[in-house]
Each structure stands twice: as structure tokens, then as C-alpha cells.
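Chains as they are written, first to last, in our numbering: chain A, 876 to 1117; chain S, 10 to 115.
Here it is in C-alpha cells:
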């Protein structure tokens, strides 16, 4: 779809290689969803419909868990979409990175926004701020398309062969580790450290907020802390220079 | 439990439309218009503002309901190795290997 654009494919290779570590967890995580969804009474077509149309692990698991409890449609939609609101932050954060892409490219990219696709693109940009737009698009899709394919595959396996796959393979712990590994390379500046610390502290403090909104409130606070400490450090450095 | 087809597909349709709207919101509608500089700089912290907030509560809680020191140690190693090497792969390997090793030994 991006033809022979060399820079795009260079970026795609970069994104593909960076996201290889996630391959360990995507299939078992998908399997977990397939299994939970089947237990909640969904057939294979519905399970796959979920993964293709929604493409968001945590929100999908939230939805089928609530379906098993026979919750009303409105409650299920509100709760699961609230889990997905962080994708709005990724959408905003992608504007400086790939906002100049063509509309159809941005429509496609929007479908594929999830934690890994955003975070790897941001990480590659952080390591190498001179990447061109085509390279950044390449990185994004180079992560998003293969990783999501494994998610589809995993959910299919979970729905079809589900119970024969051991569900506990330390998977419960592998998910948070992948998230920590996505941010660890960024934790080399004081503003990044402070932002991460703010995120953890206030998410824990706000754990009881309704519709898991604590994560978002803490996230916005962390953005502010990161930005303000960056500005403060800059001012201090320029004073020292004088 | 068997749900009516309508119930299931309505939820799938609602979630997919809603999720797309959330994802398309800024990237689609703002596009190449310039965000205010402070907002753009603040958004540079999005990864560190969200992902640790998702991960750490998962590290600190476990199925047994008690804090598992092995998880905490493995999480710290993930962060330290990642910050030191700037490599996603080494960071993830440090976390998973140290966790497996600690679980095997303890």
C-alpha cells in the first residue's frame, strides 16, 4: 500500500525489529481474551469480530467480563470505552509525529493505535529525532500490523482450542513487564523520571475513581509534571550559562 | 451462557465505533495543524505518563492478593536494564528472565 517508498520500508523494518520482543506475549494474551470471550458465551465469529473491530486488549477483556455478568449494553460500552480513552492521548501525541501524513494514512493509523504502536514510534523518535515522516509512518505500521496480526491469531486460538492451552505461563506478569520495557529506555532524564513517578503514584492513589478514570487523571498530571520540570530545568541551565 | 446475537453485535459495533472515534479524534481532526508548543512538548511525555500507571498496579498486586517481592525485583531490573542499555529487548529479557529465575529459586 506504500509502494516502493524506500524510507517507509526502512522505517517499517526498524519498527518490526523493535517490536519483536512483544511477539512473546501477544499470542498468549490474545488466547486469554479468546478463552474469556468463549466462556462468556461468544461464538468464534463474534470473538474474531471483537478483535478485528475493536483491537484493544484491555477494553475487550473488560467488555466480555461484564457480558458474562449480563450487564446492560450501555454500562458495558461506557466502561470499556473509558478503558480506551488513553488512546485519545496517543492520538494527540501522534499529531507531532505523523500528523502531516495524508488523510487516508491517518485513518488507517487511527485504527491501529494501541499501546505498543504508539510507544515504539515515540521511542524511536526519541532516540532518533531526525527520522522523516515516511520513516515514522513506517515504524508505526511496522509495529502495528504484525503485532495486531498476532493478536488476531491469539484470539482465534483461544476461541478454537482454548482450554488445551495452559493459560498460566507467567503471562499475568509478562504484560506489565512489556509496558515497563516500553518506557524504561526513556527514563534517562529528570522530567521523564518525574512524569513516570507521578503516573504511578497518582494511579495508585486514584485507584477507586469510577470507570478507571484515575489512570487518565494521573496521566494528565504526569504530562504536566514532565513539561513543567523540563521548562524549569531549561531555565536553570540558561541561568547557569550566563 | 448464551447471549442473543443482537446483544453481542451491538456491543461489538458500539465499541468499535467508539474506539475508532477516540483514536481518530486528534490525529484525524487536527492533522497537520500546529498544536500549541507547550501542549506538544507535554505530549512528548505520554508514554511515561500512562504506561507505568497501567503496569505498576499489576506488579504490586497478584492473584494471591499479597505483594510478591519477586515481581517487584523483576520490575526494578526491567527498568534499570532498560534505562541503562536504552534497549527494549534487553529490558524485556531482564524482566522475564529475572522473574523466571527468582520463581525457580525461591
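Glycine included, C-beta positions come from ideal geometry on N, C-alpha and C. Since this is a predicted model, take the numbers as computed values, not measurements.
Check, Outcome
"Contact set between the segment 30 to 56 of chain S and chain A, restricted to residues whose Cβ is under 7 Å from the partner", "31, 32, 33, 34, 35, 36, 37, 39, 40, 41, 44, 47, 49, 50, 51, 52, 54, 55 and 56"
"Helix, strand or coil at residue 1004/A according to DSSP, with G and I counted as helix", "coil"
"Check whether residue 1061/A and residue 1104/A have beta carbons under 8 Å apart", "no"
"Residues of the segment 84 to 99 of chain S with Cβ closer than 9 Å to any Cβ of chain A, in chain order", "84, 87, 88, 89, 90, 91, 92, 93, 94, 95, 96, 97, 98 and 99"
"Status (buried if at least 16 other CB within 10 Å, exposed otherwise) for residue 1023/A", "buried"
"Close Cβ partners of residue 69/S (< 8 Å) along its chain, the five nearest in sequence each way excluded", "76, 80 and 81"
"Burial state of residue 47/S (16 or more Cβ within 10 Å)", "exposed"
"Within chain S, partners of residue 1002/A - CB distance below 9 Å", "95"
"For residue 908/A, the three-state DSSP class (helix, strand or coil)", "helix"
"Contact set between residue 964/A and chain S, taken where Cβ atoms lie within less than 9 Å", "35, 52, 55, 58 and 59"
"Within 8 Å, strictly: CB atoms of residue 66/S and residue 1082/A", "yes"
"Ranges of the alpha helix (DSSP H) found wholly within the segment 928 to 1007 of chain A, counting only runs of at least 4", "932 to 943, 948 to 958, 961 to 973, 978 to 986 and 990 to 1002"
"Option in 1049/A, 1011/A and 995/A with minimal Cα separation from residue 903/A", "1049/A"
"Beta-carbon proximity list for residue 92/S, same chain, < 7 Å, skipping 5 on both sides", "none"
"Of the listed residues 927/A, 996/A, 1097/A and 908/A, nearest to residue 894/A (C-alpha basis)", "996/A"
"Cut-off 7 Å between Cβ atoms - residues of its own chain near residue 1007/A, not counting five sequence neighbours on either side", "882"
"Which of helix, strand or coil DSSP assigns to residue 883/A", "helix"
"Residue 1102/A to residue 1066/A span [Cα, whole Å]", "7 Å"
"Test: residue 21/S CB closer than 8 Å to a CB of chain A", "yes"
"Residue 1009/A classed as buried or exposed, judged by whether at least 16 other C-beta atoms fall within 10 angstroms", "buried"
"Residue 35/S and residue 957/A closer than 8 Å at C-beta", "no"
"Neighbour flag for residue 1050/A against chain S, beta carbons, 8 Å", "yes"
"Contacts that residue 975/A makes with chain S (C-beta to C-beta distance below 7 Å)", "41"
"Neighbourhood of residue 104/S by C-beta, 6 Å cutoff - its chain only, sequence neighbours within 5 removed", "83 and 87"
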